[in-house]
Amino acid sequence: MTDAEGLLEFRNRVLKKSGVLDFQGERVLDLGCGDGLDTHLLSRSFKECIGSDLQVHEGWGERVGNPSLKFLVANAHHPPLKKFMFDVIFMKDILHHSGDPENVLRGLQSVVKPGGVFVIVEANRYNPIFYVHMTQMLGHDHFTKRFFRRLILKVFPEDVVCFKEFEAHYFPTHNRILKALIQFSETGLERARIFKSFLSYNAAIVSCRE
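Have a look at this one:
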């Protein structure tokens, strides 16, 4: 398995564990899409996928041949989007960059269709690997699990929110046995209650009322 294939497998795993692939619809927004790889992967499950970010990314040009994909440059605080435009809004690791995450979430409420969903994923600040690599070394201000939950419940009623935690990391190894052991350990960590506060990702699935 090449590095590119390993990264693709990891990103697929994150999408599956987040729950976004459990939903179907005509149109999905990948807000803060970065290189557009997740948007591309989502196009396998949705008829139309729109990825947006603050600037054009090189990866967008590699995906222009996919007719179900569109990319746009947009600010998450003021996205140029129509009312009730999306069945699903997917947001991964964008809110901790936004400066005012509550404002971002409130501004997007009119964009999702009645009966649609938000799938919101943020890296856990206190995951041991993320804390050393992303927080201490790279300066990312990731949310704690408690802060993430408080933020979501400031914006959405508790009865429409389902919280979950999951473990997923990308390890650039070509050893299939080692990769299998890593994924097996991820499953074990997810099942052990004692590790819930330290899993790598916190997620919220928000169901918008009809």
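Residue 132 in the numbering used here sits at position 18 of the sequence shown; the count goes up by one each step and never skips.
Every residue gets a Cβ at the ideal spot worked out from N, C-alpha and C, and that includes glycine.
Since we're looking at a predicted model, the values are computed, not measured.
Less than 8 Å between the beta carbons of residue i and residue j, yes or no?
i, j, result
"Gly230", "Cys322", "yes"
"Gly139", "Ile319", "no"
"Ala317", "Val218", "no"
"Ser157", "Ser182", "yes"
"Glu281", "Ser314", "yes"
"Phe200", "Val235", "no"
"Gly179", "Gly165", "no"
Kindly identify the DSSP beta-bridge partner or partners of residue i.
i, result
"Leu183", "Cys163"
"Lys206", "Val235"
"Asp152", "According to DSSP, Asp152 bridges with nothing at all."
"Val226", "Phe200"
How far does the beta strand (DSSP E) with residue i in it extend, from its first residue to its last?
i, result
"Ile266", "It is not in any beta strand (DSSP E) - Ile266 instead sits in the alpha helix (DSSP H) that spans 259-269."
"His320", "For the record, residue 320 in the displayed sequence is Val; it is not His. Its beta strand (DSSP E) spans residues 315-321."
"Leu143", "141-145"
If you follow the alpha helix (DSSP H) that residue i is in, where does it begin and where does it stop?
i, result
"Glu216", "215-222"
"Leu135", "From DSSP, Leu135 is part of no alpha helix (DSSP H); its letter is neither H nor E."
Quick check on DSSP: helix, strand or coil for residue i?
i, result
"Arg290", "helix"
"Val274", "helix"
"Val178", "coil"
"Ser311", "helix"
Inspect the CB distances between the segment 196-210 and the segment 169-179 and report whether three or more fall short of 8 Å. At 8 Å Cβ cutoff, the stretches do not touch.
Under 8 Å: do the segment 179-187 and the segment 120-129 share three or more Cβ pairs, one atom per stretch? Output reads no: the segment 120-129 does not touch the segment 179-187.
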